[in-house]
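Note sheet for the following structure.
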Ligand code: T1G
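Structure (structure tokens):
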């Protein structure tokens with residue numbers, strides 16, 4: 001295929017193929033539709049339209065993907081260049097047919113540019129989506145009006161309100177893509193398609209289509225998804241726009257979209273969610289290690305322990321196609337563990353979340369054994385055994401003799417000192433922590449605990465591996481509880497004190513759930529197990545938790561904890577727990593008082609922020625946004641509040657400081673200087 005490259009305007013170049021004009025965008029890393037791209041596209045399309053010898057225009061992108069959306073980095077700044085909605089209208093108004101040639105991920109504004117085109121072709125591996133809702137926004141370049149017109153209300157709701165992309169084939173099935181072309185022949189196939197449609201009239205414009213109201217689809221969608229959208233502003237705004245597409249003219253619907261978009265853009269939730277978009281990606285960067293540091297190859301992973309954690313950890317690697325050797329001490333435990341793993345895969349496959357052959361493929365990569373010696377060929381070994389320093393030291397001593405030179409040794413400990421564990425080996429540089437969150441095969445957060453001696457390439461290797469197993473990794477320093485659990489401590493201490501002073505478990509939990517947490521401290525204790533970390537001496541009752549544990553109120557698993565549970569595990573406030581609390585208050589001579597929700601927020605949430613500031617001051621986290629990532633991905637902090645540190649900043653540092661001072665907490669320096677928000 002010969003082409004004459006006519007001109008390049010910044011990130012846009014045009015090539016002429018006979019009477020077809022090909023416009024190619026090249027703006028790494030993801031061809032985001034920044035001002036230069038938009039202006040270049042506008043100029044190229046207008047030039048093509050003005051050239052009467054051009055019978056069709058193809059728009060495609062170099063690099064790994066079609067336009068992956070508006071440039072999120074531009075939001076909140078004065079608009080430069082042609083607005084994206086206007087660009088889409090320019091494309092759609094072209095009297096020369098325009099074909100979008102899609103590979104990679106046509107997302108957000110990228111999908112909207114494709115919707116403005118008259119035809120869309122895509123390679124099989126391409127995905128198309130409108131994920132703006134995950135940024136607290138909505139498709140603001142006509143997507144809420146064009147997508148329903150092309151694919152109908154039901155499919156449009158799924159794409160716009162849930163924000164999940166669809167495959168090229170699914171897009172073709174719903175009418176979003178006109179043709180799925182060759183995986184490796186997009187440029188040629190798009191040209192051929194352009195030649196096919198060049199003379200066709202009328203040129204199909206999505207805005208000319210109509211979409212009928214579908215209240216049943218709206219109702220069904222709310223019924224299915226309403227619960228998980230609790231607290232978010234954007235989903236409801238998306239639905240409003242989709243409804244407008246079925247009830248109003250295109251122009252009026254665009255006006256609704258514009259109004260709803262601006263309301264979201266100017267709201268607090270989108271700023272928080274956009275903050276997290278970049279925070280998650282920033283967390284992967286290690287400030288003091290060169291990004292080009294050569295990584296150690298990880299061809300086989302060893303996991304010690306096939307219990308809940310060990311099995312879940314192993315699944316992460318198996319699912320990523322990495323062979324795993326898993327060790328247990330007893331055959332019965334080993335069989336139980338591998339059985340749970342297989343059943344987990346089979347359950348996902350049965351629900352259609354995995355291909356039918358996934359269980360066999362994943363389990364086929366697993367080598368169960370009773371012998372630590374079988375870990376000798378592993379490049380990374382992760383221990384997930386009992387949380388006891390003596391046990392860990394014994395394991396690492398033995399691993400030091402078994403593991404091959406250069407193998408990385410990781411502990412899954414949730415709070416023990418990594419430096420102390422490393423010190424029993426002769427390879428302290430190869431040791432670090434990999435703190436997974438339970439269930440380890442589900443929770444996205446991975447705290448990577450950097451020991452004083454951890455080698456740079458070891459840390460870089462594990463951070464890169466985290467991305468491969470689809471974890472969001474955050475580097476933590478060695479301190480009690482690292483980042484997440486350390487911030488959990490003041491919350492738990494204050495929650496228990498508040499019980500003694502007059503609050504109830506349900507009041508404290510209600511405040512946290514109203515804030516947006518999936519559950520409050522006491523609901524969380526009942527879920528995890530009230531007996532976790534209990535000394536197991538029913539005669540030794542030093543606090544309310546001891547009293548509950550001593551009575552066998554170990555939480556949901558026992559049908560009773562801080563709450564009473566019915567057979568469906570629905571919680572109700574427990575009169576027995578109220579008695580236990582009253583007894584403790586009486587013993588301590590505490591007179592219960594009414595406690596305000598504001599006091600609960602200050603003493604359980606502001607104190608967490610204060611601890612986060614101390615974590616930063618001590619260098620236990622690289623940056624404030626890392627702390628936000630930990631709490632969003634590890635503990636369910638509501639994304640629309642951006643994480644503890646972002647939230648505190650949006651609340652106003654002075655308000656947080658005043659709250660801490662009011663209840664007598666020493667305020668971390670970083671909150672006063674602002675360092676805590678960097
Ligand atoms: N804008 C700016 N930068 C972006 C970007 C974007 N849309 N998408 C990615 N990046 C950067 C990212 O920060 C990282 O930078 C690098 O690209 C690689 O990203 C009007 C309002 C495309 C699936 O929400 O989902 O259009 O860290 O690490 O894992 O209706 O990026 O290297 O410096 O994620 O291969 C809608 C967001 C925008 C898509 C690729 N679009 N991006 O994943 O790489 S709003 C989105 C993604 C909008 C209009 C509305 C993913 C990806 P750095 P990465 P990846």
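Numbering (the UniProt record's numbering), first residue to last: 1 to 678. Cβ atoms here follow ideal geometry from the backbone N, Cα and C, with glycine treated the same way.
Residues bridged to residue i [DSSP beta-bridge criterion]
i, result
"residue 382", "303, 410"
"residue 555", "560"
"residue 102", "122"
"residue 20", "17, 56"
"residue 8", "13"
"residue 325", "302, 367"
"residue 445", "472"
"residue 565", "571"
"residue 179", "121"
"residue 25", "12, 61"
"residue 436", "446"
"residue 621", "476"
"residue 655", "DSSP lists no partner for residue 655."
beta-carbon residue i near the ligand T1G non-hydrogen atom, thresh 8 Å
i, result
"residue 71", "yes"
"residue 282", "yes"
"residue 105", "yes"
"residue 307", "no"
"residue 108", "yes"
"residue 688", "No statement about residue 688 is possible, as the shown extent of the chain runs from 1 to 678 and does not include it."
"residue 134", "yes"
"residue 33", "yes"
"residue 90", "no"
"residue 346", "no"
"residue 141", "yes"
"residue 42", "no"
"residue 84", "yes"
"residue 278", "yes"
"residue 30", "yes"
"residue 138", "yes"
"residue 236", "no"
"residue 130", "yes"
"residue 64", "yes"
"residue 112", "yes"
"residue 25", "no"
"residue 68", "yes"
Integer-rounded CB distance, given that residue j should sit under 8 Å from residue i
i, j, result
"residue 144", "residue 245", "6 Å"
"residue 120", "residue 93", "At roughly 17 Å, the Cβ-Cβ gap does not stay under 8 Å, so residue 120 and residue 93 are not in contact."
"residue 581", "residue 615", "Incorrect: roughly 31 Å between the Cβ atoms, too far for contact."
"residue 432", "residue 462", "6 Å"
"residue 284", "residue 550", "At roughly 45 Å, the Cβ-Cβ gap does not stay under 8 Å, so residue 284 and residue 550 are not in contact."
"residue 180", "residue 56", "That pair is no contact at about 19 Å."
"residue 63", "residue 32", "At roughly 11 Å, the Cβ-Cβ gap does not stay under 8 Å, so residue 63 and residue 32 are not in contact."
"residue 471", "residue 316", "7 Å"
"residue 273", "residue 640", "6 Å"
"residue 440", "residue 312", "3 Å"
"residue 131", "residue 157", "The pair is not a contact, with the Cβ atoms about 14 Å apart (cut-off 8 Å)."
"residue 301", "residue 382", "7 Å"
"residue 438", "residue 308", "6 Å"
"residue 408", "residue 375", "At roughly 12 Å, the Cβ-Cβ gap does not stay under 8 Å, so residue 408 and residue 375 are not in contact."
"residue 659", "residue 606", "5 Å"
"residue 337", "residue 306", "3 Å"
(request) Evaluate contact between the segment 432-450 and the segment 616-635, counting only Cβ atoms and requiring at least three cross-stretch pairs below 8 Å. (result) yes
(request) Would you be able to state if there are at least three C-beta pairs under 8 Å between the segment 135-142 and the segment 229-241? (result) yes
(request) Evaluate the contact criterion for the segment 263-279 versus the segment 64-77: three or more CB pairs, one atom per stretch, below 8 Å. (result) yes
(message) With a threshold of 8 Å, are at least 3 pairs of Cβ atoms found where one atom belongs to the segment 288-297 and the other to the segment 254-268?
(response) no
(request) Count the CB pairs spanning the segment 356-368 and the segment 323-330 that are closer than 8 Å, and state whether there are at least three. (result) yes
(message) Across the segment 481-488 and the segment 602-612, are there enough close Cβ pairs to call them in contact, namely three or more that are closer than 8 Å?
(response) yes
(request) State whether the segment 488-501 contacts the segment 600-610, with contact taken as three or more CB pairs (one from each stretch) at a distance under 8 Å. (result) yes
(request) Count the C-beta pairs between the segment 110-127 and the segment 220-228 that are closer than 8 Å, then say yes if the count reaches three, no if not. (result) no
(request) Evaluate the contact criterion for the segment 109-117 versus the segment 79-96: three or more CB pairs, one atom per stretch, below 8 Å. (result) yes
(request) Kindly confirm or deny that the segment 32-41 and the segment 11-21 touch, where touching means at least three C-beta pairs closer than 8 Å. (result) yes
(message) Is it the case that the segment 661-672 contacts the segment 516-525, given that we only count it when at least three CB pairs across the two stretches are under 8 Å?
(response) no
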